[in-house]
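Some notes on the structure that comes next.
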Amino acid sequence: MLPPLPDAAAWPGPDQQAVRRVGLWVLIGVVSMLFFLFGAAFVMRMAASDWLPLPVVPWQLWCSTTLLFVAGVAWQRASWAASLGLKRAAELAVAVAAGTSVLFLGAQLWAWRVLTGLDVTVAGNPANSFFYLITGLHGLHVMGGLIAAALAARPLIVDGSAGRTVQASGAIALCARYWHFLLVLWLAMFAMLFLVTPAVVQAICGSP
């Protein structure tokens, strides 16, 4: 005799946190591949004779790196506080994370302004175009993360109970993971844009 079929109405549905986690990993994979392709194009394009590296590294980019690191630490702190039901601590950490992320974007725009003041424009040189394209694309992903983070932190603002704060900890933990990814991606971009030169590529790949 066949066992009775399970009651569909009693099924609680998929684990939402697991679904979000898988979705985040898919997003990270897609974004990583996108930047990898841009990086490959960057390395191949620099072999052309019209390639001129950026003349300076604006100090604002070092500030951007620090701000993004602080944002990741703050998100991690927010995740820890939310998991313990510490609403005020979680709110403060989220505010710091969001604030430093916005400052990161501001530092990016400031760096662009400095470079354009030095006549380092998008159309002036292929290296310039890649710089603005890659850093701008990274900034768009930070902006998208801020929108998702606002939704993740909403329970902290709408409901002040410790239970709702704990429920929000899963989404906040995913925000922390995403910001860690953004930092790693930024460091890789930074190294590629300013440390990888035609001489380095030729030394690694050999003479054509």
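In full-length UniProt numbering, the protein residues as written are 1 to 208.
Glycine included, C-beta positions come from ideal geometry on N, C-alpha and C.
What residue range does the alpha helix (DSSP H) around residue i cover?
i           : result
LEU151      : 126-152
residue 215 : Not covered by the structure: residue 215. The range shown for the chain is 1 to 208.
TRP25       : 16-45
TRP112      : 87-117
Quick one: what's got a C-beta closer than 8 Å to residue i's C-beta in the same chain, skipping five residues either side?
i     : result
ARG20 : GLY170, ALA171 and LEU174
TRP51 : ARG45, ASN125, PRO126, ALA127 and PRO198
Return the chain-ordered list of same chain residues with a C-beta closer than 7 Å to the C-beta of residue i, the five sequence neighbours on each side being excluded.
i      : result
ALA71  : ALA97, THR100, SER101, PHE104 and TRP179
TRP110 : GLN60
LEU146 : ALA98 and SER101
Answer yes or no: do residue i and residue j have a C-beta to C-beta separation smaller than 8 Å?
i      : j      : result
ALA150 : PRO53  : no
ALA153 : ALA176 : no
PHE27  : LEU183 : Phe is not the amino acid found at residue 27; the sequence shown has Leu there. Result no, Cβ atoms of LEU27 and LEU183 do not sit closer than 8 Å.
VAL166 : ALA82  : yes
MET192 : HIS138 : no
Residues in the same chain with beta-carbon distance under 6 Å from residue i, minus the five sequence neighbours each way, listed in chain order, please.
i     : result
GLN17 : GLY170
Applying the 10 Å Cβ sphere with the 16-neighbour rule, what's the burial state of residue i?
i           : result
SER79       : buried
THR121      : exposed
residue 211 : Residue 211 lies beyond the residue range present for the chain, which begins at 1 and ends at 208; the question has no answer from this structure.
TRP112      : buried
Using 8 Å as the limit for Cβ to Cβ distance, is residue i near chain D?
i      : result
ALA111 : Among the chains in the structure shown there is no chain D, since it carries only a single protein chain.
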